[in-house]
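S.K.:
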Amino acid sequence: METSSFGIAIMAAGKGTRLKSRRPKVLHEIGGQSLLLHVIAAAKTIAPASQIFCIIGHEADQVRAAVASTGVSFVLQADQRGTGHALQQLKAHFIATGQTPPENLLVLSGDVPLIKPSTLEELCAFHLAQRAAMTILTATPPNPTGYGRVLRSSDAAPEVTAIVEQKSLKPDQLNAPEINSGIYCFRTSALFTHLDSLSTTNAHGEFYLTDVAALLVADNQRVVALKSSGSVDEVLGANTIEEMMHLDAAMRLATARRLMAQGVTIFRPETCVIDAQVEIGPDTVIEPYVQILGSTKVGSDCRFASYTVVQDAQIGDKVLLRNGCIVLQSTIGSGAKLGPYAHLRPESEIGEEAHIGNFVETKKVKMGRGSKANHLSYLGDSTIGSGVNIGAGTITCNYDGTHKHQTVIGNNAFIGSNSTLVAPINIGDEAYIAAASCITEDVPADALSLGRSRQTTKPGWVSNRKRTQRPSCD
Ligand code: UD1
Ligand code: CA
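Read left to right, the sequence shown gives residues 765 to 1238 (my numbering).
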């Protein structure tokens, strides 16, 4: 479909009063990403970033910073006086900059985040085919309350006579089933001609973009509606936290369905929290109550047991995460086994076939192939070779109160249980550290190092003590 004549306006200046939140509405997240980023992603499938105009106002700097990396343009709506007023600012922007407006304008709402590219394409094609001045995307959800209603000249006709906002519905219109999605196509010249005729004589005292429909009809211009052929969720708005969470659940279920269609087994998907961008290979099994977040990529044949949380991680094939692992901004090589209750803090790089066991915490650690730290350790700011055994309770003392220091452990070294490695420290290849050692000096390759006091044993000490102890007075 030819969409090159389309520019896109995204209305994102509103405060979101009904959310009762300090955060601007369009920066609230569903499926792990802000509403506005979802809308921009859909917009970019129709037009290049240079033709996408994001209208911002409430907390404009915060909103701009949050989406600047997408490359879209911004238009400021300093006071938010309604959706019609938002588009008036876009018109003023074109006049002030001398930029030529696009022939057609696709208008999106920053709080309608589930809209699919295919539906937008269908809308743009319909708009062109109908040679309309305005085309409204509509739906008939089970409960239309709260939405503007689209009134057609007759049920079967595409022609629209008006859009009536909820608060202005007459008693006999209260059950009108067809809602305005807040997504429209305009012939830009027709829109711009009528924007200045909008008034604020309505329940909210705002300039309603929806009133443009009746103005165009009065001017004998063609206004039509297209009922969305996609799921109703696609066109639902998020005005309250409850509505937002409904959309979040819908989006996550769609993500789970996409992954299941690609061969991933997800038990009880409704209990899992999987962000929209996550990629998982086939034959990986996700148990109930798992969270997989951010930009995480997972290979095939893995298993994530319940209560595991993985964020922004790269995970190879055949990786086992037992119950309750937390993996943040880290990399895990194929065949590694972790947990239960392993905690990988950012920049942990766990090699292939490595084992990280229960209650082991890592941070900025590079661990080589087949190395093991199976129980109760803290490994931070360390480079650990391959085939290393880290005994239970080993701690790298990486912080002197001011600076962080490195621990380096060579290939096939053996670190006895309960060792304390005071960084900066180097332990050579194949070296042995005796259990319960406090190691403060470098250990060369091939050496055994003991850093503990000798054991003293006093035979018969207990019975001697009992004999010499006086009986208590009380
Ligand atoms: C709007 C429509 C309604 C439709 C519904 C669909 C109007 C008057 N009503 O109502 O018919 O059924 O969307 O979801 O348009 N915004 C600005 N500047 C402003 C005001 C709003 O940019 O001055 C932005 C908001 O940030 C939001 C979008 O426009 O992203 C829609 O505004 P909102 O106040 O949520 O409109 P609704 O009451 O939902
Ligand atoms: Ca809304």
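The C-beta atom is built at its ideal place from N, Cα and C for all residues, glycine as well. The structure presented is a predicted model; accordingly, all values stated were derived computationally and were not measured.
Tell me whether the beta-carbon of Arg913 lies closer than 8 Å to the beta-carbon of Glu942.
M.R.: Against the sequence shown, residue 913 aligns to sequence position 149. Against the sequence shown, residue 942 aligns to sequence position 178. Contact flag set, yes.
S.K.: Might you give, ordered along the chain, the residues of its own chain that have their beta carbon closer than 6 Å to the beta carbon of Lys1082, omitting 5 neighbours on each side?
M.R.: As a first step, residue 1082 is located in the sequence shown; it is residue number 318 there, counting from the start. Excluding positions up to five away in sequence, the list reads Asp1065, Ser1098, Gly1099.
S.K.: Could you compute how far the alpha carbon of Ala1020 sits from the alpha carbon of Val1062?
M.R.: Residue 1020 sits at position 256 when you count from the first residue of the sequence shown. Residue 1062 sits at position 298 when you count from the first residue of the sequence shown. About 14 Å.
S.K.: Let me know the alpha helix (DSSP H) ranges lying completely inside the segment 1189 to 1217, each 4 residues or longer, listed in chain order.
M.R.: none
S.K.: Check whether the Cβ atoms of Ile774 and Gly874 lie closer than 8 Å to each other.
M.R.: Looking up residue 774 in the sequence shown gives position 10. Looking up residue 874 in the sequence shown gives position 110. Going by C-beta atoms, Ile774 is nearer than 8 Å to Gly874.
S.K.: Considering only residues of the same chain and omitting the five flanking positions on each side of Gly1132, which have a CB-CB separation below 8 Å?
M.R.: Residue mapping note: residue 1132 aligns to position 368 of the sequence shown, counting from 1. Hits under 8 Å: Gly1115, Ala1118, Ile1148, Gly1149, Ser1150, Gly1151, Val1152, Asn1175.
S.K.: Grab the span of the alpha helix (DSSP H) containing Cys1161 for me, first residue to last.
M.R.: For the purposes of this step, residue 1161 is taken as residue 397 along the sequence shown, with counting starting at 1. Counting along the chain, Cys1161 falls outside any alpha helix (DSSP H), though it belongs to the beta strand (DSSP E) covering 1159 to 1161.
S.K.: Using 8 Å as the Cβ pair cut-off and three pairs as the minimum, do the segment 882 to 895 and the segment 783 to 799 touch?
M.R.: Contact between the segment 882 to 895 and the segment 783 to 799 is not established, with fewer than three Cβ pairs separated by less than 8 Å.
S.K.: When the Cα of Ser814 is compared with those of Ser932, Ala832, Ile1191, which residue comes out closest?
M.R.: The sequence position of residue 814 within the sequence shown is 50, counting from 1. The option with the nearest alpha carbon to Ser814 is Ala832.
S.K.: Candidates Lys1222, Thr1204, Tyr1196: which alpha carbon is nearest Asp1210's?
M.R.: Here the question's residue 1210 lines up with position 446 in the sequence shown. If we check each option's Cα against that of Asp1210, Tyr1196 comes out closest.
S.K.: Which residues, in chain order, sit with a beta-carbon under 5 Å away from any heavy atom of ligand 2?
M.R.: Asp875, Gly1001, Asn1003
S.K.: Report all residues from its chain with a CB closer than 8 Å to the CB of Ile804; omit the five preceding and five following residues, and keep chain order.
M.R.: As a working note, residue 804 is residue 40 in the sequence shown. For Ile804, where only same-chain residues beyond five positions count, the Cβ hits under 8 Å are Ile774, Ile816, Cys818, Val831, Thr834, Val836.
S.K.: Take the Cβ of Tyr1163 as the centre, count every other Cβ of all protein chains shown within 10 Å, and call the residue buried at 16 or more, exposed below.
M.R.: To locate residue 1163, count along the sequence shown from 1; it is residue 399. Label assigned to Tyr1163: exposed.
S.K.: Short of 6 Å in beta carbon distance, which residues of its chain neighbour Phe1031, apart from the five on each side in sequence? Order them along the chain.
M.R.: Position 267 of the sequence shown, counted from the first residue, corresponds to residue 1031. For Phe1031, where only same-chain residues beyond five positions count, the Cβ hits under 6 Å are Glu1051, Pro1052.
S.K.: At which residues does the alpha helix (DSSP H) containing Leu979 begin and terminate?
M.R.: As a working mapping, residue 979 is identified with position 215 in the sequence shown. First-last of the alpha helix (DSSP H) with Leu979: 976 to 982.
S.K.: Using the C-alpha atoms, what's the distance from Gln1219 back to Thr1232?
M.R.: In the sequence shown, residue 1232 corresponds to position 468, counting from 1. In the sequence shown, residue 1219 corresponds to position 455, counting from 1. For Thr1232 and Gln1219, the distance between alpha carbons rounds to 25 Å.
S.K.: Using the Cα positions of Ala1177 and Glu1205, report the straight-line distance between them to the nearest angstrom.
M.R.: Walking along the sequence shown from the start, residue 1177 turns up at place 413. Walking along the sequence shown from the start, residue 1205 turns up at place 441. Their Cα atoms are separated by approximately 16 Å.
S.K.: Pick out the complete beta strand (DSSP E) segments inside the segment 953 to 1023, 3 residues or longer, and give them in chain order.
M.R.: 987 to 991
S.K.: Is any non-hydrogen atom of ligand 1 found closer than 7 Å to the C-beta of Lys789, if you look at the structure I gave you?
M.R.: Numbered from 1 along the sequence shown, position 25 holds the residue referred to as residue 789. It does: the Cβ of Lys789 is within 7 Å (strictly closer) of some heavy atom of ligand 1.
S.K.: Quick one: is the Cβ of Leu840 within less than 7 Å of any heavy atom of ligand 1?
M.R.: Looking up residue 840 in the sequence shown gives position 76. Checking every heavy atom of ligand 1 against the Cβ of Leu840, none is found closer than 7 Å.
S.K.: What whole-angstrom Cβ distance do Pro866 and Phe956 have, given they're in contact under 8 Å?
M.R.: Counted from its first residue, the sequence shown places residue 866 at position 102. Counted from its first residue, the sequence shown places residue 956 at position 192. Going by Cβ atoms, the distance from Pro866 to Phe956 rounds to 11 Å, so no, they are not a contact pair.
S.K.: For a test of your reading of the model: does the CB of Asn907 fall under 7 Å from any non-hydrogen atom of ligand 1? Yes or no.
M.R.: In the sequence shown, the residue the question calls residue 907 occupies position 143. Ligand 1 has no heavy atom closer than 7 Å to the beta-carbon of Asn907.
S.K.: Using DSSP bridges, identify the partner residues of Leu1185.
M.R.: Taking the first residue of the sequence shown as 1, we reach residue 1185 at position 421. DSSP output for Leu1185 lists Thr1160, Ile1203 as bridge partner(s).
S.K.: By the DSSP assignment, the beta strand (DSSP E) with Asp1145 in it spans what residues?
M.R.: For the purposes of this step, residue 1145 is identified with residue 381 of the sequence shown, where counting begins at 1. That run of the beta strand (DSSP E) goes 1136 to 1148.
S.K.: Considering only their Cβ atoms, is the gap separating Met898 from Val976 smaller than 8 Å?
M.R.: In the sequence shown, counting from the first residue as 1, residue 976 sits at position 212. In the sequence shown, counting from the first residue as 1, residue 898 sits at position 134. In this structure, Met898 lies closer than 8 Å to Val976 by Cβ.
S.K.: In this structure, how does DSSP classify Asn944 when only helix, strand and coil are distinguished?
M.R.: The count along the sequence shown starts at 1 and reaches residue 944 at position 180. Note: Asn944 maps to strand in three-state DSSP.
S.K.: Based on Cα-Cα distance, which residue from Ala967, Arg845, Met1008 lies nearest to Arg782?
M.R.: Taking the sequence shown and counting its residues from 1, one reaches residue 782 at position 18. Check the Cα spacing between Arg782 and each of Ala967, Arg845, Met1008: the tightest is with Met1008.
S.K.: Return helix, strand or coil for Val827, following the three-state DSSP convention.
M.R.: What you label residue 827 is simply residue 63 of the sequence shown in a count that begins at 1. Helix at Val827.
S.K.: My guess is that Ala967 and Glu929 are in contact by the Cβ rule of under 8 Å, so how many angstroms apart are they, rounded?
M.R.: Residue mapping note: residue 967 aligns to position 203 of the sequence shown, counting from 1. Residue mapping note: residue 929 aligns to position 165 of the sequence shown, counting from 1. Correct: roughly 7 Å between the Cβ atoms.
S.K.: Quick check on Ser945: buried or exposed, where buried means 16 or more other Cβ atoms within 10 Å of its Cβ?
M.R.: By one-based count along the sequence shown, residue 945 stands at place 181. By the 10 Å Cβ count, Ser945 comes out buried.
S.K.: Can you give the Cα-Cα distance for Leu870 and Ser1070, rounded to whole angstroms?
M.R.: Taking the sequence shown and counting its residues from 1, one reaches residue 870 at position 106. Taking the sequence shown and counting its residues from 1, one reaches residue 1070 at position 306. Their Cα atoms are separated by approximately 44 Å.
S.K.: Measure the alpha-carbon distance for Met1024 versus Pro906 and round it to whole angstroms.
M.R.: What you label residue 1024 is simply residue 260 of the sequence shown in a count that begins at 1. What you label residue 906 is simply residue 142 of the sequence shown in a count that begins at 1. Rounded to whole angstroms, Met1024 to Pro906 spans 28 Å at the Cα level.
S.K.: Less than 8 Å between the CB atoms is what I'm expecting for Arg845 and Glu970, so what's the real figure, rounded?
M.R.: Stepping through the sequence shown from its first residue, residue 845 is reached at position 81. Stepping through the sequence shown from its first residue, residue 970 is reached at position 206. 6 Å between Cβ atoms; contact.
S.K.: Note down, in chain order, each residue of its chain lying with its Cβ closer than 6 Å to the Cβ of Val1091, except the 5 sequence neighbours on either side.
M.R.: On the sequence shown, residue 1091 is found 327 positions in, with the first residue counted as 1. The answer, listed in chain order, is Val1074, Ala1077, Leu1108.
S.K.: Output needed for Ile927: all residues of its chain with C-beta closer than 6 Å, excluding positions within five of it in sequence on either side, in chain order.
M.R.: Here residue 927 corresponds to residue number 163 of the sequence shown, with the count starting at 1. Only Gly912, Val914, Asn944, Thr974, Ala977 meet the Cβ criterion.
S.K.: State buried or exposed for Leu959, treating a residue as buried only when at least 16 other CB atoms are found within 10 Å of its CB.
M.R.: Reading the sequence shown from its first residue, position 195 is the one you call residue 959. Around the beta carbon of Leu959, a 10 Å sphere encloses 16 or more other beta carbons of the protein chains shown; the residue is thus reported as buried.
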